[in-house]
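Structure first, commentary second.
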Amino acid sequence: MPDAPIDTDALVLFGASGDLAKKKIFPSIYRLEERQRLNGMPIVGVASSPWDDPTMRSYVKESIEAKHPTDPAVWSALEPRLTYCSGDYRQDDIYGQLADHLQGREHPLFYLAIPPVLFEEVVEGLARHNLVEGAKVVVEKPFGRDRKSARELNDVLHRHFPEQSIFRIDHYLGKDAIENILVFRFANTLLEPVWNRNFIAKIEVTIAEDFGTAGRAKYYDTAGALRDIMQNHMLEIVALLAMEPPVSSTGDALRDEKVKVYRQIRTFDPNRVVRGQYRGYIDEPGVEYGSDTETFVALQFEIDSWRWSGVPWLVRTGKNMPVSATEAVVEFNRPPRIFFAGDTTGTSPSNHLRFRLGADPGINLQLSAKTSGDRLATHPVDLEVTQDALFGDSEEPYERLLEDAMEGDMRRFGRADATDEQWRIVQQVVDHPSPVQLYEQGTWGPQAAIEMGQLYGGWHDPKRE
Ligand code: NDP
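Under this note's numbering, the final residue of the sequence shown carries the number 464; numbering is consecutive throughout.
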């Protein structure tokens with residue numbers, strides 16, 4: 000497909016000196032320049048560090064070079080367009096400076112890669128300086144701390160931006176492997192007839208990291224696994240696995256179907272949730288004394304619909320797990336007893352479809368095949384698709400999402416009603432958390448989570464990525 004036109008004529012990055020800008024956003028800006036998708040637009044960094052334009056330029060260059068080598072021609076086209084505004088977002092002066100940088104620009108994109116407590120301050124500052132008309136705004140996660148604060152944030156944004164100019168980022172939605180869930184489901188006729196409660200025994204999703212807070216304990220301690228992963232990334236994956244086919248390819252058709260899935264999920268029951276904390280977490284710098292923030296959460300729920308009624312969904316996410324992996328496993332019903340001549344057991348394991356959604360994306364379909372020899376015994380075998388081997392390196396999620404936002408393509412972004420439903424689903428657990436249970440680092444969480452899985456035949460542990 001040809002690239003869609005971009006009407007954005009300036010990119011403004013609030014949080015230019017921050018971690019996310021350095022690790023993800025600047026390298027993505029470079030890739031877009033390399034693909035000639037920035038149309039010569041200026042890129043303005045805004046933060047409180049007392050930098051000038053040359054400091055910002057060398058910082059950007061370093062951040063790009065940490066990812067990949069720079070082509071001198073691409074860099075020399077990009078460099079002079081990088082400028083910087085220094086100041087405090089809570090003071091009016093910075094918006095005046097920014098207005099000067101944006102003279103003659105009609106459609107800026109404001110990317111808010113900043114602490115969420117400052118979203119309102121920045122949006123109001125932009126509005127006071129008449130910078131919001133014709134503009135778009137990208138808002139980083141977390142989108143609120145609970146349903147109430149997410150609604151308040153939506154109100155702030157809607158005061159100055161129409162919904163179609165608001166881009167709520169969840170970078171999982173920019174990943175090929177995640178989108179492949181949709182393609183795999185709806186582009187393969189053989190799957191659709193079996194994608195329901197008549198054939199599927201259960202669905203599991205695991206988002207695991209084999210490391211801890213990685214220097215971000217101060218932020219993490221205010222969030223925890225439920226807010227950091229479950230409310231957003233996990234529910235997005237569940238929606239893609241569970242939704243009905245969208246009626247068209249427009250942004251709203253896809254998002255309508257996701258919202259329908261969310262409406263069919265009852266508020267998570269705190270009695271079917273296990274919260275865990277890895278041993279040693281409370282001693283980390285940045286963690287509050289006696290913190291009961293969960294670094295692991297596992298839960299079980301159902302989706303009340305004709306397609307899914309009675310199918311258990313088991314989901315878990317945690318830090319300091321045995322491996323890093325993001326996987327969804329669809330387990331089909333066991334075949335009935337087989338009466339081949341010579342087979343002594345008469346049983347065969349159930350088929351599994353495993354979506355590998357993390358660092359080594361792909362799909363495994365586990366089927367049963369005959370073992371060698373004259374006995375008709377069965378053995379599980381894997382049919383495997385490895386995405387990178389087949390299709391090569393994909394775009395970075397942030398590159399894709401930034402380009403989408405500049406084009407005004409909303410498909411891969413959260414909508415106000417969807418985030419509201421996501422918060423409704425997790426709200427009871429946020430309000431009435433069970434006590435955290437300690438677990439050893441390098442294990443699959445507290446014993447209670449393992450036992451919860453055993454009620455449904457046990458968890459499928461992911462392979463190392
Ligand atoms: P950092 O703390 O590293 O960066 C915050 C940025 O905001 C800095 O540029 C800082 O400027 C600026 N800033 C903070 N307060 C002010 C202020 N009062 N006035 C002016 N500038 C200010 O945060 P991250 O980059 O890690 O995160 C940014 C956002 O992205 C957050 O919402 C986070 O949840 C989200 N996010 C981050 C991820 C990551 O991997 N880092 C992943 C996913 C989401 P200065 O340092 O110059 O003071």
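C-beta: ideal position from N, C-alpha, C; glycine also.
Query	Result
What span of residues does the alpha helix (DSSP H) with residue 403 cover, start to end?	396-406
Under a CB-based cut-off of 9 Å, is residue 223 close to chain B?	Structure shown: chain B not included; a single protein chain is present.
By how many angstroms is the C-alpha of residue 56 removed from the C-alpha of residue 219?	30 Å
Residues in its own chain within less than 6 Å of residue 133 by CB, not counting five upstream and five downstream?	105 and 106
Leaving aside the five residues before and after residue 62 along the sequence, list all residues of the same chain whose C-beta is less than 6 Å from its C-beta, in chain order.	21 and 25
Pull up the distance between the alpha-carbon of residue 421 and that of residue 231, whole angstroms please.	7 Å
Touch check for the region 441-453 and the region 316-326: three-plus C-beta pairs under 8 Å?	yes
On the criterion of 16 or more Cβ atoms from any shown chain inside 10 Å, does residue 170 qualify as buried, or is it exposed?	buried
What distance in whole Å lies between the Cβ atoms of residue 204 and residue 233, which are believed to be in contact at a cut-off of 8 Å?	6 Å
Identify every residue that forms a DSSP beta bridge with residue 315.	205 and 297
Assuming the contact rule is C-beta atoms closer than 8 Å, residue 137 and residue 108 should be a hit. Round their C-beta distance to whole Å, please.	7 Å
Do residue 104 and the ligand NDP come close, with the Cβ less than 8 Å from some heavy atom?	no
Does the count of Cβ pairs from the region 259-274 and the region 401-409 closer than 8 Å reach three?	no
Mind checking whether the beta-carbon of residue 115 lies closer than 8 Å to any heavy atom of the ligand NDP?	yes
Which residue comes first and which comes last in the alpha helix (DSSP H) that contains residue 353?	Per DSSP, residue 353 belongs to no alpha helix (DSSP H); it is in the beta strand (DSSP E), 351-355.
Can you give me the start and stop residues for the alpha helix (DSSP H) that residue 60 sits inside?	52-64
Taking 8 Å as the line, does the beta carbon of residue 83 fall inside it for any heavy atom of the ligand NDP?	no
Alpha carbon to alpha carbon, how far is residue 381 from residue 452?	23 Å
Helix, strand or coil: how does DSSP classify residue 131 here?	coil
Could you tell me if the beta carbon of residue 89 falls within a distance shorter than 8 Å of some heavy atom in the ligand NDP?	yes
Below 9 Å between beta carbons: does that hold for residue 241 and residue 275?	no
Report the partner residues of residue 83 according to the DSSP bridge assignment.	44
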